[in-house]
């Protein structure tokens, strides 16, 4: 077990180092021991998953370079300087959120790789607008910002969505990770608000795709989503939810995914997902007073959805999405639970 812990530590050791937090092998062991006799099993599954979904600071810089190179190619620029002079990187999120941190890394990448700076060109007229974020899970943050920006008008009263439709400006949305289900929601929102013509002209670029749409075929389901079984704890909890929407999305079919590439094997997937849900239910039970309806064992979700959570498994060097299972990040004073990742700005 010590060797497994050492390997896990190697993957996630840079988590929140910039905040003075340093995960130790002992911390990983203490977290795993909360699963009792399943501690070694949980660690083995985590070791299988984390190298695929943990984005270190250096990996994030590699991703950003891929984005920049892709846009230079897409928009047919012959050099990075001209691209930067034509491009505004949107900064719409609060200072402690992911976008400002990504833009800082962008500046590092431009300086180290190209000897350039996007800040050098902020006063130049723009035709390209790029919105960076680390993850689109439910997509509400990205969607809200994009709708707001598309409605914005210039000094002549012309809205951004009109100029995109007329090919006067270009909008690209750059993500480290997108969830297929949330992505489909946000594309629908744009179409509903502005029509197909605008939506089709928006470019999306991502490095990793979480295939989690219950109604799409051949989804990898590289998230946590249990099968409907005879687990009394899970079934009782699910029946107690008063939400009514998307209850047919709550569980995956027994024969999905067709091939298992995310967990160690199909049987271990079933066991691991059930452990995540059961422990999440146990954590929710620690809450004193009213439980907010958006809190679910597999992560926070729209309170009107009758599902167990999104089960997101995508983590970065700076924070863990609240759509991830509670076992990874739940940290409340007085609650008998140690998170694997101590999160920032969760409240």
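In our numbering, the protein residues as written are -7 to 339. Glycine residues also receive a C-beta, built at the ideal position from the N, C-alpha and C atoms.
Have a look at residue 183 and residue -7 and give me their C-alpha separation to the nearest angstrom. 51 Å
Mind reading off the beta-carbon distance from residue 254 to residue 220? Whole number of angstroms is fine, and I expect it under 8 Å. Incorrect: roughly 19 Å between the Cβ atoms, too far for contact.
Is the beta carbon of residue 305 sitting closer than 8 Å to the one on residue 45? yes
Selected residue, minimal CA-CA separation from residue -4, among 34, 200, 164 and 82: Closest option to residue -4, Cα to Cα, is 34.
So if DSSP puts residue 125 in a beta bridge, which residue, or which two residues, is it bridged to? 167
Which listed residue (157, 11, 229 and 313) has its alpha carbon closest to that of residue 274: Of 157, 11, 229 and 313, the residue nearest in Cα terms is 229.
Tell me whether the beta-carbon of residue 231 lies closer than 8 Å to the beta-carbon of residue 11. no
Quick check on residue 262: does DSSP put it in helix, strand or coil? Of the three classes helix, strand and coil, the one that applies to residue 262 here is helix, per DSSP.
Taking DSSP as the reference, what is the three-state secondary structure of residue 189? The answer is helix: DSSP assigns residue 189 an H, G or I state.
With distance defined between alpha-carbon atoms, name the residue in 17, 106, 180 and 104 nearest to residue 1. 17
Identity of the residue in 167, 50 and 78 nearest residue 59 by Cα: 167
Would the segment 66 to 75 count as touching the segment 206 to 217 if we require 3 or more Cβ pairs under 8 Å? no
How far does the beta strand (DSSP E) with residue 82 in it extend, from its first residue to its last? 79 to 82 is the extent of the beta strand (DSSP E) around residue 82.
Since residue 52 and residue 97 are thought to touch, with beta carbons under 8 Å apart, how far apart are those beta carbons, to the nearest angstrom? 6 Å
Cβ-Cβ separation, residue 276 to residue 295 (assumed contact under 8 Å), whole Å: Your pair residue 295 and residue 276 does not check out as a contact, with CB atoms roughly 14 Å apart and the cut at 8 Å.
For residue 161, count neighbouring Cβ atoms within 10 angstroms of its own Cβ and tell me buried if that reaches 16, exposed if not. buried
Could you tell me whether the Cβ atoms of residue 120 and residue 67 are closer together than 8 Å? yes
Alpha helix (DSSP H) runs contained entirely in the segment 202 to 277, provided each spans 4 or more residues: 224 to 232 and 258 to 276
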